[in-house]
Amino acid sequence: MKIVQLILILTLAFGCKSKVENQQEKIKKRPNILFIGIDDLRPELGCYGSDIAVSPNLDKLATQGLLFENAYCQQAICGPSRASLLTGIRPETSGVFHNYIKFREANPDVVTLPQHFKNNGYETVYTGKIFHHGDLDDEKSWSRLPALDSMKGVKKPVGFALKKNNEDRVKTKKEMVAKYGAVAKYGLASGVAYESADVSDNVYSDGYNTELAIATMKEMNAKSDKPFFLGLGFNKPHLNWVAPKKYWDLYDRDNIELSTQVESPENGATMGLHPSFELRVRSGIPKKGPIDKELAITLKHAYLACVSYVDAQIGKMISALEKEGLRENTIIIVWSDHGWHLGDMGIWGKATNYEIATRVPLLIWTPGMPKGSQGKTTDALVELVDMYPALAELAGLEIPKHVEGTSFKPLIENPKTPWKAAAFSQFPSPALREWGGFPIRPAMRETYFGPLLEEVEGEIKKQQKEKWDRNLFENNLMGYAMRTEQYRFIVWKDRENKEKEPVFVELYDHKTDPTETKNIANKNPKLVEKLMLQFNKGWEGNTPKKAI
21 MKIVQLILIL
31 TLAFGCKSKV
41 ENQQEKIKKR
51 PNILFIGIDD
61 LRPELGCYGS
71 DIAVSPNLDK
81 LATQGLLFEN
91 AYCQQAICGP
101 SRASLLTGIR
111 PETSGVFHNY
121 IKFREANPDV
131 VTLPQHFKNN
141 GYETVYTGKI
151 FHHGDLDDEK
161 SWSRLPALDS
171 MKGVKKPVGF
181 ALKKNNEDRV
191 KTKKEMVAKY
201 GAVAKYGLAS
211 GVAYESADVS
221 DNVYSDGYNT
231 ELAIATMKEM
241 NAKSDKPFFL
251 GLGFNKPHLN
261 WVAPKKYWDL
271 YDRDNIELST
281 QVESPENGAT
291 MGLHPSFELR
301 VRSGIPKKGP
311 IDKELAITLK
321 HAYLACVSYV
331 DAQIGKMISA
341 LEKEGLRENT
351 IIIVWSDHGW
361 HLGDMGIWGK
371 ATNYEIATRV
381 PLLIWTPGMP
391 KGSQGKTTDA
401 LVELVDMYPA
411 LAELAGLEIP
421 KHVEGTSFKP
431 LIENPKTPWK
441 AAAFSQFPSP
451 ALREWGGFPI
461 RPAMRETYFG
471 PLLEEVEGEI
481 KKQQKEKWDR
491 NLFENNLMGY
501 AMRTEQYRFI
511 VWKDRENKEK
521 EPVFVELYDH
531 KTDPTETKNI
541 ANKNPKLVEK
551 LMLQFNKGWE
561 GNTPKKAI
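So the sequence shown is numbered by the numbering used here: it starts at 21 and just counts up by one.
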């Protein structure tokens with residue numbers, strides 16, 4: 021009897037061990053994830069058709085992987101966009117509409133994208149900006165710190181490398197605080213808008229964080245038997261536009277062309293565009309009125325230099341991945357949190373519901389990607405919120421039920437697969453929000469924002485007439501944008517009374533008007549009615565057919 025019991029115990033022990041070992045082996049075989057986020061990058065890249073951007077590394081990745089031509093963020097500002105793509109839920113569900121709401125406070129139990137990988141046996145870590153500031157160190161999302169010891173002896177990165185620019189920022193901050201008080205801390209003293217300094221890449225944060233990410237990857241490869249989820253987040257081309265001089269030197273100022281569409285859309289929503297608050301808080305930028313041509317060229321030059329600076333860092337990261345022998349088992353995905361108006365529609369900044377602010381670059385390369393998909397593009401409508409389920413499915417993980425996106429894995433297998441009928445974005449009344457998306461603080465009206473606000477309020481009152489209500493337009497008015505294959509449809513609604521008729525509607529035909537110069541809603545009531553039916557179905561009613 022004892023012998024039988026012993027055999028049974030040994031059988032169970034070895035059986036359990038085998039099961040555990042099999043699970044561990046399964047985890048080891050899962051692909052690594054190199055998750056590269058870029059701040060404020062519109063599709064200003066060679067692979068997206070830019071005739072001036074110098075972006076050889078991202079262009080090369082595009083020849084190897086899949087490029088999404090029509091990818092859209094859920095809200096064109098850093099905090100809400102990142103909260104959405106990293107939690108898998110849309111701003112309307114999460115309640116994260118501006119940069120001062122922490123996603124974890126609004127949704128304490130949500131399982132984030134890196135957290136989901138961490139819960140499934142991955143080593144998860146980041147360098148740079150992945151979540152928005154304030155959410156960066158989300159303890160539930162990350163399993164370890166980066167390899168900080170590897171950076172001993174390397175100076176911490178700086179915001180400005182030039183003494184004069186640091187002095188200007190200190191001086192401006194003192195002046196702003198003395199003049200306006202506590203409200204000055206909300207961006208009124210941001211220093212100069214751009215800098216070109218003859219320094220090495222790691223003097224600024226993006227170069228520094230790339231070196232740190234490479235060291236962290238090497239450390240994980242040497243010491244851990246787990247697959248990794250490595251987030252590398254770039255701050256540029258977010259303002260301030262600082263980049264080493266060698267990247268400025270890639271461009272000839274005389275060849276930099278400015279946007280030819282410098283007017284707001286004809287009959288467009290007057291509350292749909294802002295007075296370029298984000299740029300105007302910088303030193304040397306006019307506090308009202310147009311940006312003159314010479315300054316505009318300099319600003320675009322600065323933006324392009326930052327694009328090339330980031331592109332070079334991505335090249336270093338992928339090269340290091342290859343040297344470490346990890347490329348063939350690593351999914352590489354590159355995304356931007358939203359686009360940016362570089363004078364387009366007469367404004368500078370993100371924070372609108374238009375194409376230029378909501379459309380983003382999105383590239384992916386996966387191990388075992390079909391040859392027929394490599395170097396291809398897809399015109400399918402995808403959203404940043406789709407990255408969560410896509411990466412989960414590609415790694416063989418279950419897709420959490422809370423996720424409000426659709427895995428685009430079928431598009432990787434066949435870029436021509438029929439896909440979504442629409443992509444959705446939103447933004448609360450940009451004209452009457454601070455550049456962090458926050459409702460205007462009363463004290464902000466006492467600053468140089470005051471005259472700008474008076475001007476834009478006058479335009480809104482003139483257009484909206486009896487519909488004007490300060491509380492509605494400043495606090496509760498939300499612009500909901502639906503992008504179909506042919507149209508951009510923007511519905512302005514009172515979030516507190518969604519059953520009410522829309523306050524205003526915009527309609528742009530991308531077949532005849534790709535830069536959205538003319539709102540044709542009033543002239544096309546039947547089309548508006550048809551699109552409104554589609555809009556009312558929401559994102560759930562516009563997903564790919566279940567058969568796909």
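Cβ atoms here follow ideal geometry from the backbone N, Cα and C, with glycine treated the same way.
| query | How would you call H152, buried or exposed, if buried means at least 16 neighbouring beta carbons within 10 angstroms? | reply | Working through the sequence shown from its first residue, we reach residue 152 at position 132. Buried, since its Cβ has 16 or more Cβ neighbours within 10 Å.
| task | Please report how far the alpha carbon of T378 lies from the alpha carbon of G457, in whole angstroms. | result | As a position in the sequence shown, residue 378 is number 358, starting the count at 1. As a position in the sequence shown, residue 457 is number 437, starting the count at 1. Distance between the alpha carbons of T378 and G457 is about 15 angstroms.
| request: Pick out whichever of A263, L105, H294, G85 has its Cα sitting closest to the Cα of L182. | output: For the purposes of this step, residue 182 is taken as residue 162 along the sequence shown, with counting starting at 1. Answer by Cα proximity: A263.
| query | Looking at C-beta atoms only, is the number of pairs between the stretch 164-181 and the stretch 222-235 that lie closer than 8 angstroms three or more? | reply | yes
| message | Which residue marks the beginning of the alpha helix (DSSP H) containing E433, and which one marks its end? | response | Locating residue 433 in the sequence shown gives position 413, where the first residue counts as 1. Run containing E433: 429-433, per the alpha helix (DSSP H) assignment.
| Quick one: does V223 have its CB under 9 angstroms from some CB of chain B? | Chain labels in this structure do not include chain B; a single protein chain is all it has.
| Where F151 sits in the DSSP three-state scheme | Taking the first residue of the sequence shown as 1, we reach residue 151 at position 131. The answer is coil: DSSP assigns F151 none of H, G, I, E or B.
| request: Express the C-alpha separation of V219 and D269 in angstroms, rounding to a whole number. | output: Reading the sequence shown from its first residue, position 249 is the one you call residue 269. Reading the sequence shown from its first residue, position 199 is the one you call residue 219. When rounded, the distance between both Cα atoms is 13 angstroms.
| contact_flag[the stretch 209-224, the stretch 252-263] where n(CB pairs < 8 angstroms) is 3 or more | yes
| Looking only at C-alpha atoms, which of V197, A332, N373, A371 sits nearest to Y228? | On the sequence shown, residue 228 is found 208 positions in, with the first residue counted as 1. With distances taken between Cα atoms, Y228 lies closest to A332.
| message | By the three-class DSSP mapping on this structure, what secondary structure does E403 have? | response | Residue 403 sits at position 383 when you count from the first residue of the sequence shown. Looking at E403 - three-state DSSP - the assignment turns out to be strand.
| query | Taking C-beta to C-beta, are G108 and Y468 nearer than 9 angstroms? | reply | If you number the sequence shown from 1, residue 108 lands on position 88. If you number the sequence shown from 1, residue 468 lands on position 448. Going by C-beta atoms, G108 is not nearer than 9 angstroms to Y468.
| message | Measuring CB atoms only, is the stretch 533-546 touching the stretch 283-294, in the sense that at least three cross pairs come out at less than 8 angstroms? | response | yes
| message | Going residue by residue through the stretch 311-353, where are the continuous alpha helix (DSSP H) segments of at least 4 residues, counting only ones entirely within it? | response | 313-343
| Given V423 as reference, the closest of T113, E298, D60, P51 once Cα atoms are compared | The count along the sequence shown starts at 1 and reaches residue 423 at position 403. Of the listed residues, the one whose Cα sits closest to V423 is T113.
| What separation, rounded to the nearest whole angstrom, lies between the Cα atoms of I568 and P438? | Reading the sequence shown from its first residue, position 548 is the one you call residue 568. Reading the sequence shown from its first residue, position 418 is the one you call residue 438. Legend: pLDDT at I568 = 41, less than 50; position of this residue unreliable, value from coordinates given subsequently. Answer to the nearest angstrom: the Cα atoms are 8 angstroms apart.
| said: For a quick check, are the C-beta atoms of F524 and Q484 less than 9 angstroms apart? | reply: Mapped onto the sequence shown, residue 524 falls at position 504. Mapped onto the sequence shown, residue 484 falls at position 464. Yes, these two residues count as a Cβ contact at 9 angstroms.
| Cα-Cα separation, T372 to T318 | As a first step, residue 372 is located in the sequence shown; it is residue number 352 there, counting from the start. As a first step, residue 318 is located in the sequence shown; it is residue number 298 there, counting from the start. The straight-line gap from Cα to Cα measures roughly 23 angstroms.
| query | In the structure shown, what three-state DSSP assignment does H136 receive? | reply | Residue numbering aside, residue 136 sits at position 116 when the sequence shown is read from its first letter. Residue state, collapsed to three classes: helix.
| message | Under 8 angstroms, with one C-beta from each stretch per pair, do the stretch 391-402 and the stretch 427-442 reach the 3-pair mark? | response | yes
| Which of helix, strand or coil does DSSP assign to R508? | Within the sequence shown, numbered from 1, the residue matching residue 508 stands at position 488. If DSSP states are grouped into helix, strand and coil, R508 belongs with the strands.
| message | Does the stretch 359-372 come into contact with the stretch 517-533, if we say contact requires no fewer than three beta-carbon pairs (one atom in each stretch) closer than 8 angstroms? | response | no
| said: With the cut-off set at 9 angstroms, would you say R508 and Y323 are in Cβ contact? | reply: For the purposes of this step, residue 508 is taken as residue 488 along the sequence shown, with counting starting at 1. For the purposes of this step, residue 323 is taken as residue 303 along the sequence shown, with counting starting at 1. Not a contact, by the Cβ cut-off of 9 angstroms.
| request: Could you have a look at R515 and say whether DSSP puts it in helix, strand or coil? | output: As a first step, residue 515 is located in the sequence shown; it is residue number 495 there, counting from the start. Coil, per DSSP.
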